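Asker:
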Amino acid sequence: MLRYALALPIALAFFALPAAAQNVNPNGAWVDNYGTSFEFSLCGDGTDLCGVLKDIQGKSRTPDNLAYVNKQVVSAQQVASNEWKGTVVYDGAKAAATVKQVSPDTIKITGCRAGIFCQTLTFNRV
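Taken in order, the sequence shown gives residues -21 to -1, 1 to 105; the numbers are from mature numbering (1 follows the signal peptide of the UniProt record, and there is no 0).
1) On the criterion of 16 or more Cβ atoms from any shown chain inside 10 Å, does Ile95 qualify as buried, or is it exposed?
2) What span of residues does the beta strand (DSSP E) with Asp11 cover, start to end?
3) Inspect the beta-carbon positions of Gly37 and Gly14 and report whether they are closer than 8 Å.
4) By Cβ distance below 7 Å, which residues in the same chain neighbour Leu(-5) in space, the five residues on each side in sequence not counted?
5) Using 8 Å as the threshold, is the C-beta distance between Val67 and Gly90 below it?
6) Evaluate Leu52 with the Cβ neighbour count: other Cβ atoms within 10 Å of its Cβ, from every protein chain shown; 16 or more gives buried, anything less gives exposed.
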């Protein structure tokens, strides 16, 4: 009986691993807490991530930033399952960026300038 009691949790953990390791798909429309929206898609060889700025809201809605609406501002290469590294255009300058899809409906982008000035934004699927 003890043998079966130990086998069940091990079997459940074994079958749960593939589901947890599955890639989630970033394709689609995403919006942050300020109302700024992006359209993300897998591009290049199908593992790269591209992001087109669709609209800007909040204090970032400046004439300089509005020039980037409907332009690709995120370019990143996959470095791990559901994680990409590359660049994001922000306030007219490129910044190093890490993009992580932490759930099917949540993406976090961390952009850094000069390696020390960093900001993380959370985007939710629309």
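Ideal Cβ placement from N, Cα and C applies to all residues, glycine included. Everything numeric in this text was worked out from a predicted model, so none of it was measured.
Answerer: This is what the structure holds:
1) Start at 1 with the first residue of the sequence shown, and residue 95 comes out as number 116. With fewer than 16 Cβ atoms within 10 Å of its Cβ, Ile95 is classed as exposed.
2) The count along the sequence shown starts at 1 and reaches residue 11 at position 32. Taken as a continuous stretch (DSSP letters only), the beta strand (DSSP E) holding Asp11 covers Gly7 to Asp11.
3) Position 58 of the sequence shown, counted from the first residue, corresponds to residue 37. Position 35 of the sequence shown, counted from the first residue, corresponds to residue 14. Yes, they are a contact pair.
4) In the sequence shown, the residue the question calls residue -5 occupies position 17. Unreliable positioning characterises Leu(-5) in this predicted model, as indicated by a pLDDT of 38, which lies under 50. A coordinate reading is not provided.
5) Start at 1 with the first residue of the sequence shown, and residue 67 comes out as number 88. Start at 1 with the first residue of the sequence shown, and residue 90 comes out as number 111. Taking 8 Å as the cut-off, the Cβ atoms of Val67 and Gly90 count as close.
6) Along the sequence shown, one-based indexing puts residue 52 at 73. Just to set this straight, residue 52 is Val in the shown sequence, not Leu. Buried.
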